[in-house]
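Position one of the sequence shown corresponds to residue -19 (this note's numbering), numbered consecutively onward. Everything below concerns the one structure shown next.
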Amino acid sequence: MDFQQIQELIKLLSESSIGEFKLEQEDIKLSIRTKHYFDAALLAKATAQPVSFAPPPPALHLPPPVTPAVQSAVPAANTAVAKPAAGNETETSGKTITIKSPMIGTFYRSSSPDKPPYAKIGDEISPGKVLCIIEAMKLFNEIESELSGRIVKILVEDAAPVEYDQPLFLVEPI
């Protein structure tokens, strides 16, 4: 892990709600505490009330997924906005399915700025079609569709940071 990768990791963590992050590999041990961690500690001290901290999450192992998690959920009845289902399911609105990010990183619509985007609004997609790229620690992961449908909306701007399970696309199944 080089200095640039550590800086990128710090940037991603500071934009998330993670308070503390630890990484241990064969030749490196890295511990990062973000502003969220210190804000909670200062709040506890200022209010003189004890605050319990949850144990740190297990060591981060970035999986090598190349396809987003896509699941269907039952639309909410008698409401204009669908409510997210419990757990790790995607949100639906009417007949659309939300494709979510399988990892944290930077979202790119194309392989380079001078290339056309992989997917545009109105495009028909099928399983295996590349929808976007998510860069995580200098690794470019192609995110492929797991369903057939038509892209209704792209929910993330090009080159924007994304978090795990963040909605990326709304797809109308075919």
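Positions of the beta carbon are idealized from the N, C-alpha and C atoms, including for glycine.
Practice prompt. In angstroms with no decimal places, state the Cα-to-Cα distance between residue 3 and residue 10.
Written response: 5 Å
Discussion item. Please classify residue 8 as buried or exposed, where buried requires at least 16 neighbouring CB atoms within 10 angstroms.
Written reply: exposed
Practice prompt. Pull up the distance between the alpha-carbon of residue -16 and that of residue 75, whole angstroms please.
Written response: 43 Å
Worksheet item: Taking the Cβ atom as the reference point for each residue, do residue 101 and residue 131 lie within a distance shorter than 8 Å?
Response: yes
Discussion item. For the alpha helix (DSSP H) containing residue -9, name the first residue and the last one.
Written reply: -17 to -6
Practice prompt. Hey, could you find the ends of the beta strand (DSSP E) residue 116 is sitting in?
Written response: 110 to 116
Practice prompt. Name the one or two DSSP bridge partners that residue 129 has.
Written response: 105, 153
Worksheet item: Under a three-way DSSP split, which group does residue 10 fall into?
Response: strand
Worksheet entry | Sequence-distant residues of its chain with Cβ nearer than 7 Å to residue 141 (five each side left out) | -8, -5, 86
Worksheet item: Taking DSSP as the reference, what is the three-state secondary structure of residue 144?
Response: coil
Worksheet item: Distance, Cα to Cα, residue 94 vs residue 138?
Response: 13 Å
Worksheet item: Taking Cβ to Cβ, would you say residue 121 is nearer than 8 Å to residue 134?
Response: no
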